[in-house]
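Participant: Can you read through this structure? Questions will come right after.
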Amino acid sequence: MNRRIKGMRQFGMALLLGLVFSLTGCDDSEVMDRVLPYKILGSLGGSEIMVKFNFDEPTAREVWLIGDFNNWAVGLSNPFYPDAPLSQGAKVAMRMDPTTGFWTVTIPLVAGRYMYQYAIDQGIIVQGDPNNADKHELVDGTFKSVVYVIEK
2 MNRRIKGMRQ FGMALLLGLV FSLTGCDDSE VMDRVLPYKI LGSLGGSEIM
52 VKFNFDEPTA REVWLIGDFN NWAVGLSNPF YPDAPLSQGA KVAMRMDPTT
102 GFWTVTIPLV AGRYMYQYAI DQGIIVQGDP NNADKHELVD GTFKSVVYVI
152 EK
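Under the numbering used here, think of the first position of the sequence shown as 2, with each following residue one higher.
Take a look at the structure:
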């Protein structure tokens, strides 16, 4: 049943995107960048690959990206990235993009598989990415989202 619902949601999203493209005349890559949960931007020459995360939560006052790449950092005493490395538990604050209304952040990650969630309003709410079909379901019914970072 869940697969059927996911398939219907993806089909609905495709129809909606087609309508948006035809009505606005927007470049399809511009619109897709807004709705993709993440986008691999590429390497800056080293082993790290830049990844842009997008999250649609218009009522949030503050959003942090958390995951196994930063030890699930939500503590108020944790320093913020880039003042401290992700590997040492730095919090990753997202910024509201005024043109899209989405919360976004770009961080460097080495190639691999990572789980992530969003901490909303200083961790009062923690949730997986509803726009990412790659999920790791937890026994309590919640989920962590999965990002696959690969070299372009």
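Note that the Cβ used here is the ideal one computed from N, Cα and C, for glycine as well.
1. Classify V140 as helix, strand or coil using the three-state DSSP reduction.
2. Please name the residue, chosen from D130, W104, K136 and K92, that lies closest to P59 on a Cα-to-Cα basis.
3. Mark G68 as exposed unless 16 or more other C-beta atoms lie within 10 angstroms of its C-beta, in which case mark it buried.
4. Measuring straight from C-alpha to C-alpha, what distance separates G43 and E49?
5. When the Cα atoms are used, what is the spatial distance from G142 to M116?
6. Taking G113 as part of the beta strand (DSSP E), name the residues at either end of that continuous run.
7. Can you give, in chain order, each stretch of the beta strand (DSSP E) that sits fully within the segment 36-110 and has at least 3 residues?
8. If you reduce the DSSP assignment to three classes, tell me which class M145 lands in.
9. Do G129 and V75 have their CB atoms nearer than 7 Å?
10. Apart from the five residues on each side of it in sequence, which residues of its chain come closer than 8 Å, Cβ to Cβ, to R96?
11. When you compare each of Y39, A91 and L87 to L77 by their alpha carbons, which one comes out closest?
12. Is any heavy atom of the ligand NAD found at a distance shorter than 6 Å from the C-beta of M51?
13. Since I believe V147 is in contact with R114 (beta carbons under 8 Å), could you give me their beta-carbon distance rounded to a whole number of angstroms?
Facilitator: The relevant details are as follows:
1. For the purposes of this step, residue 140 is identified with residue 139 of the sequence shown, where counting begins at 1. V140 falls in the coil class under three-state DSSP.
2. Here residue 59 refers to the residue found at position 58 when the sequence shown is read from its first residue. Comparing Cα positions, the closest option is W104.
3. Here the question's residue 68 lines up with position 67 in the sequence shown. By the 10 Å Cβ count, G68 comes out buried.
4. Locating residue 43 in the sequence shown gives position 42, where the first residue counts as 1. Locating residue 49 in the sequence shown gives position 48, where the first residue counts as 1. Going from the Cα of G43 to the Cα of E49 covers about 9 Å.
5. Within the sequence shown, numbered from 1, the residue matching residue 142 stands at position 141. Within the sequence shown, numbered from 1, the residue matching residue 116 stands at position 115. Cα to Cα, the separation comes out at about 16 Å.
6. As a working note, residue 113 is residue 112 in the sequence shown. Start and end: G113 to I121.
7. 39-44, 49-56 and 64-68
8. What you label residue 145 is simply residue 144 of the sequence shown in a count that begins at 1. The question names Met, but residue 145 is Lys in the sequence shown. In this structure, K145 counts as strand in the three-state DSSP scheme.
9. On the sequence shown, residue 129 is found 128 positions in, with the first residue counted as 1. On the sequence shown, residue 75 is found 74 positions in, with the first residue counted as 1. No, the Cβ-Cβ distance between G129 and V75 is not below 7 Å.
10. Within the sequence shown, numbered from 1, the residue matching residue 96 stands at position 95. Result list for R96: W104, T105 and V106, in chain order.
11. As a working note, residue 77 is residue 76 in the sequence shown. Among Y39, A91 and L87, the Cα nearest to that of L77 belongs to A91.
12. As far as ligands go, the structure on display features none, and thus does not contain the ligand NAD.
13. Here residue 114 refers to the residue found at position 113 of the sequence shown. Here residue 147 refers to the residue found at position 146 of the sequence shown. Confirmed, about 6 Å.
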